[in-house]
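Report on one structure; see the data block that follows.
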Amino acid sequence: MKIYKIISTAAIALAALMLWGCGPSKPILNVYMWSDYIDPELVQDFEKAHNCKVVIDIFDSNESMYAKLKAGGSGYDVILPTTYMAKIMSDQKMIDNLDHAKLPNLKYISKSYLNDLALDKQMKYSVPYMIGYTCVAYNKEKLGEIENSWNIFGNEALKGRMTLLNDLRETIGAALFFQGKSMNTTDDASLEAAKQQVIKWKKNLAKFDNEVYKVGIQSGEFLVVQGYSGDLFQVLDETPALAYMCPKEGISMSCDDWVIPTTAKNKDLAYAFINFVCDPKNAAKNMEFTCYSSPIPEARQYVSEENKNHPGMFIPDDLYKRGELIRDLGEDNAKYIKIWDEIKLSQ
Amino acid sequence: MNSQQKSEKHIRGGSTVAEYLLTIPSFVWLCIFFLVPTILVFAIAFRTADPFGGIDSGWTLETIANVLRADYVSVFWRTIWVSCVVTAICLLLGIPVGYWIAQQNPKYRYWYLLAVIIPLWTNFLIRIFAWRVLLHPEGFLRRTLLWLGLIPEDLFLLNNMGAVIIVTVYTCLPFAILPIYAAAEKFNFSLIEAARDLGASRFYAFRSIFLPGIKRGIITAILVVFIPAMGSYAIPDLVGGADGELLGNKIAIRASANRNLPEAAALAALLSLIITVPVLVAFLKQKRVFRIITNLRRSAGDSTK
């Protein structure tokens, strides 16, 4: 929940303030990232190894992070935006091009991720950290095995018991995939067809939702939900009645990338930090902490036995082929916003 | 006579230097944390948006024209409609409760009031989630209703406008009961007895003696229910259905996911204008009440001279 994030941010800020008050002469690395997204033990290890202090500041959306930087927020050495936002920041010259000589561990990053999916294929300005995807969880106990397709949302027998995400790119993207299109298309005819598809699905939905679907699928309120892999695998691990599927037509994937802002004060430490989290052993620790997938195949040998085939942590290669990253569409975002409004208004 | 003149002066709004000084802290507070942000919201509504979610340097009227287009109008109407229904239900439930509590033995009255207030001690979001449990499709309530044959098989209690209205009424009801009770407590119930003695029916006495008597309580209740209901965001988000978007949700989406702060600001500005209307009406009405009282006193004073 947002409130939780605000409280934790405040707590961290307070802690940072107190530490600052103690006045250690150690160098400080300021990291700006999502909450609960790195194993705290690793942070301590890094502090010991480099005799420094790591201060982590939290944001809850790419947009708020971007707005803060644009409003003159500086003092961060490393930032972790989602891929599309890293691209915007690079286009706007807000972040540095990376010096690969200082990042020897980049050799571990999955080539299949970079070739099939990444926007920044040469890692010119960003280094991928964790990958998540959007999939569908369903109540296997009640429904049995279901077809591996977005078509499930057209099933009228499940009327009022299904949810799609309240996120225009994800939900319109699902319809685009279902019709064999790219989820980043700006073609008007494809978008119109996708709109009609979502309107058809909407009649069977309980709601568009980003928050209560987790509890809803667990308690049996919803029988089929579209959701983010990190969220869904937490629920799936706890509830044996549930199963998941990655629709064969395609799924959206997202990756968060390390970048170094041009305003960074401690760039050497920033490079050291990025290199540190790309170490396969450290990547394995982080995967087990977050349930997300690190694009570092070598990490598999370091995770515990029961997680070796965890679908959240080890994304099967064929999913990379079916997956697509959400790109920022610039001015064309308006097209998606317009049809999303029309979908919401349709009866 | 002197004191009466003084009190008249008070009613007309005149005040002493000391009174001005006393209001300075709250006045400054309101200026900084209410007036300035509100002006900023109105100003941002006229700025242009940059495609990355920031505010550009230009000025435009396009955003305002945009939020007045047809599909927004239906969201506005839905929001107003839901808020009116919620306000009406809160009054229908709040007036009898306030009436009843005011007539109880003062010894027990505070216990009844406490019962009204205690639910507010629990976090607002937790209470909404509690309703989600209560109205769950596999829950006790729906199962019982199905078993009794009161609802059809395909009717769900959750994720629709009905659920939004029920939960909003639930959260707003204490705020409606309290001012009505406060007014009813000061009401002289022997007036109703007098009306009954003069041949008025129970209902007639209630309608034409009691209700006008607690008018200010009712106006306050309408304001404290209608205004939050208009800005409602969490309730339609959590218990509303696929068609349940209200204005608050639209503003949130514009400000975050759609990266269009000016449009969010324009919607918020329009919302505050809509809310200002009932407040202004209530304010003017109260002023009229004041004026009538002042005139009455003056004529009373004249006749004693």
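If you're matching them up, the sequences are chains W and E in order. Using this note's numbering, the letters of the first sequence map in sequence onto residues 1 to 347. Using this note's numbering, the letters of the second sequence map in sequence onto residues 1001 to 1305. Glycine included, every Cβ here is placed at the ideal spot set by N, Cα and C. Owing to the predicted nature of the structure, the values given are computational and were not obtained by experimental measurement.
- Contact check for Ala1200 of chain E against Ile1209 of chain E passes: the beta carbons are separated by less than 9 Å.
- Per DSSP, Arg1069 of chain E has no beta bridge partner at all.
- Assignment of Tyr1233 of chain E by DSSP, reduced to helix, strand and coil, places it in the coil class.
- The Cβ-Cβ distance between Gly220 of chain W and Lys142 of chain W falls below 9 Å.
- Within the model, the alpha-carbon separation for Met313 of chain W versus Glu238 of chain W is close to 16 Å.
- When DSSP states are grouped into helix, strand and coil, Gly1058 of chain E belongs to the strand group.
- Gly1248 of chain E is classed as buried because its beta carbon has at least 16 other beta carbons within 10 Å across all chains shown.
- Restricting attention to alpha helix (DSSP H) runs no shorter than 4 residues, the segment 201 to 253 of chain W encloses them at 213 to 219 and 229 to 238, ordered along the chain.
- The beta carbons of Leu1135 of chain E and Leu1150 of chain E sit no closer together than 9 Å.
- The continuous stretches of beta strand (DSSP E) do not include Asp91 of chain W, which lies in the alpha helix (DSSP H) extending over residues Thr83 to Asp91.
- Out of E:Thr1087, E:Ala1182 and E:Ala1183, the CA that lies nearest to the CA of Leu1173 of chain E is found in E:Thr1087.
- From the beta-carbon of Ala1268 of chain E, no residue of chain W is found nearer than 8 Å; the closest lies around 17 Å away.
- The beta carbon of Leu1238 of chain E sits closer than 9 Å to some beta carbon of chain W.
- In this structure, Asp96 of chain W sits near Pro261 of chain W, with a CB-CB distance shorter than 9 Å.
- For Lys281 of chain W, the uninterrupted alpha helix (DSSP H) run begins and ends at Pro280 to Thr290, by DSSP.
- When DSSP states are grouped into helix, strand and coil, Cys1084 of chain E belongs to the helix group.
- For Cys1172 of chain E, the enclosing alpha helix (DSSP H) covers residues Met1161 to Lys1186.
- Judged by their CB atoms, Ala137 of chain W and Leu205 of chain W are not nearer to each other than the 9 Å cut-off.
- Residues of the segment 52 to 70 of chain W with a Cβ closer than 7 Å to any Cβ of chain E, in chain order: Ser61, Glu63, Tyr66, Ala67 and Lys70.
- Val277 of chain W does not reach chain E, its nearest Cβ partner there being about 27 Å away, counting only Cβ pairs nearer than 9 Å.
- In this structure, DSSP gives Ile326 of chain W a state outside helix and strand, which the three-state scheme calls coil.
- Looking at the DSSP output, Thr163 of chain W shares a beta bridge with W:Lys207 and W:Val225.
- Residue contact check for Glu1062 of chain E against chain W: no CB pair falls below 9 Å.
- Contact of Glu192 of chain W with chain E is not assigned, every C-beta pair being separated by 9 Å or more.
- Identification of chain E residues near Ser219 of chain W by a Cβ-Cβ cut-off of 7 Å yields His1136, ordered along the chain.
- Cα atoms of Tyr336 of chain W and His50 of chain W: separation of roughly 46 Å, rounded to the nearest angstrom.
- Against chain W, the CB of Asp1243 of chain E has a partner CB under 9 Å away; the residue lies at that interface.
- By the beta-carbon neighbour count (other beta carbons within 10 angstroms, threshold 16), Cys1031 of chain E is exposed.
- For the set E:Leu1114, E:Asp1056 and E:Val1041, the Cα lying nearest the Cα of Thr1048 of chain E is the one of E:Asp1056.
- In terms of CA proximity to Ile1177 of chain E, E:Ala1102 leads the group E:Gly1054, E:Met1230, E:Thr1063 and E:Ala1102.
- Around Asp332 of chain W, the same chain offers Thr186 as residues with beta carbons nearer than 7 Å, after the five sequence neighbours per side are excluded.
- Interface flag for Glu211 of chain W against chain E is set, since a Cβ pair is found closer than 9 Å.
- The straight-line gap separating the alpha-carbon atoms of Met253 of chain W and Ser25 of chain W is approximately 42 Å.
- Nearest to Tyr292 of chain W by alpha-carbon distance, out of W:Asn30, W:Asp39, W:Asn62 and W:Leu269, is W:Asp39.
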